[in-house]
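Chains as they are written, first to last, in our numbering: chain H, 597 to 709; chain X, 2 to 116.
Backbone N, C-alpha and C fix where the C-beta goes; we use that ideal spot for every residue, glycine too.
Right, one structure below, let's go through it.
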């Protein structure tokens, strides 16, 4: 167990729907990162939050949004889902916002049908 | 310029052999180079990392070799074991207040160690 908790582990939903993925970081970690892993794109950085504030943004679609709450857990919201959004979504956490080793969760596997 | 190129895509070695995975990067601002190991159904786990002020770092059977001038780095797994069979990702990151600490990952290498 890495200490980073992601729920749900699996999610199957229809095109056009909206889902929320949840992440609880490791105890003491202030940064939360979201990554998308797909067969054709590999591991792609989506967004980073540090202590409740957005810190860095990657190739995150406008249909996707995230936030980090005062208790430091984070949610990734995916809307108007398309077949191509099917992927593994990983959350990771670290203590600070510099170059530290991340700790990844086990991911949420999203299948859009 | 943000890409990290990884090779080979797949690698098969015999137990006890040496596994070598290579990565190349373009962005000279990168200053942190970790390797991650991922087993099926799990998230990537940090294996070993290096910064460009050293040319080599060793932790147990795992060694990173770093060539700053060539903008290349590699992972060597000595005495490879069947339990090492996994997907390995190299990555790179750069410091800076505005950049956060996003990782740019290579494409991954599927390593199979035969008994």
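Short of 6 Å from the beta carbon of residue 26 of chain X, and not among the five residues preceding or following it, lie these beta carbons of its own chain, in chain order: 5, 72, 93. The Cβ atoms of residue 693 of chain H and residue 627 of chain H sit closer than 8 Å to each other.
At a beta-carbon threshold of 7 Å, the residues of chain H lying near residue 50 of chain X are 697, ordered along the chain. Each of H:688, H:709, H:597 was checked against the Cα of residue 640 of chain H, and the nearest Cα belongs to H:688. According to the DSSP secondary-structure assignment, residue 618 of chain H is paired through a beta bridge with H:603, H:671.
In this structure, X:79 is the residue among X:90, X:88, X:79, X:105 with its C-alpha nearest to the C-alpha of residue 16 of chain X. When beta bridges are read from the DSSP output, residue 638 of chain H appears opposite H:634. Within the same chain, no residue comes within 6 Å of residue 650 of chain H by CB-CB distance, once the 5 residues on both sides are set aside. Between residue 116 of chain X and chain H, the shortest Cβ-Cβ separation is not below 8 Å. Between the alpha carbons of residue 614 of chain H and residue 40 of chain X lies a gap of roughly 29 Å.
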